[in-house]
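First the structure, in the form of structure tokens, and then the observations on it.
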Amino acid sequence: MPKRILEGVVTSNACDKTVTVLVTRRVMHPKYKKYVNVTKKYHAHDEKNEVNVGDKVSIAEAAPISKTKRWVVVANDRVAEGA
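Residues in the sequence shown are numbered from 1181 upward in steps of one, following the numbering used here.
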């Protein structure tokens, strides 16, 4: 079974080797048939501490690393500040 890959924005990198990624997806409401933005935060492993707040990243599923970490940062698309 292939691993899931999600894209999101880093909201926190305060912990060592851990980042918090906010993932937003659009889902149709079952009753009202309107698209709604659903957000969820994931803790992801960042081995080299190279990701900063505001960066767009891709995270992939992994074996459990800690109590809350089940994702690993695989790609970092830096967002230019003030550009």
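Beta carbons are placed, not taken as given, at the ideal position from N, Cα and C, and that holds for glycine.
Note that this is a predicted model, so its numbers are computed, not measured.
Please state the DSSP three-state secondary structure of residue i.
i: V1203; result: strand
i: N1193; result: coil
State the CB to CB distance for the pair residue i and residue j, rounded to an integer number of angstroms; the pair is presumed to be in contact (CB under 8 Å).
i: H1225; j: K1249; result: 5 Å
i: I1239; j: V1218; result: Contact doesn't hold; Cβ gap of about 17 Å is too wide.
For residue i, I'd like the list of residues in its chain whose CB is within less than 6 Å of its CB, leaving aside the five on either flank, ordered along the chain.
i: G1188; result: V1201, L1202 and V1203
To which residues of the same chain is residue i closer than 8 Å at the C-beta, ignoring the five residues directly before and after it?
i: N1193; result: V1199, T1200, D1226, N1229, V1231, N1232 and V1233
i: R1206; result: Y1215, V1216, N1217 and V1218
i: K1183; result: A1240, E1241 and A1242
i: M1208; result: K1214, Y1215 and V1216
i: P1244; result: R1250
Under 8 Å, do residue i and residue j count as touching if we go by C-beta distance?
i: K1236; j: T1191; result: no
Under 7 Å Cβ to Cβ from residue i, same chain only, skipping five residues before and after it: list those, please.
i: K1197; result: H1225, D1226, E1227 and N1229
i: A1260; result: Interpretation of A1260 is limited by its pLDDT of 49, a score under 50 that renders its predicted location unreliable; no figure is taken from the coordinates.
Which runs of the beta strand (DSSP E) spanning at least 3 residues fall entirely within the region 1203 to 1251, listed in chain order?
-> Scanning the region 1203 to 1251 from its first residue to its last, the whole beta strand (DSSP E) runs of 3-plus residues come out as 1215 to 1225 and 1236 to 1241.
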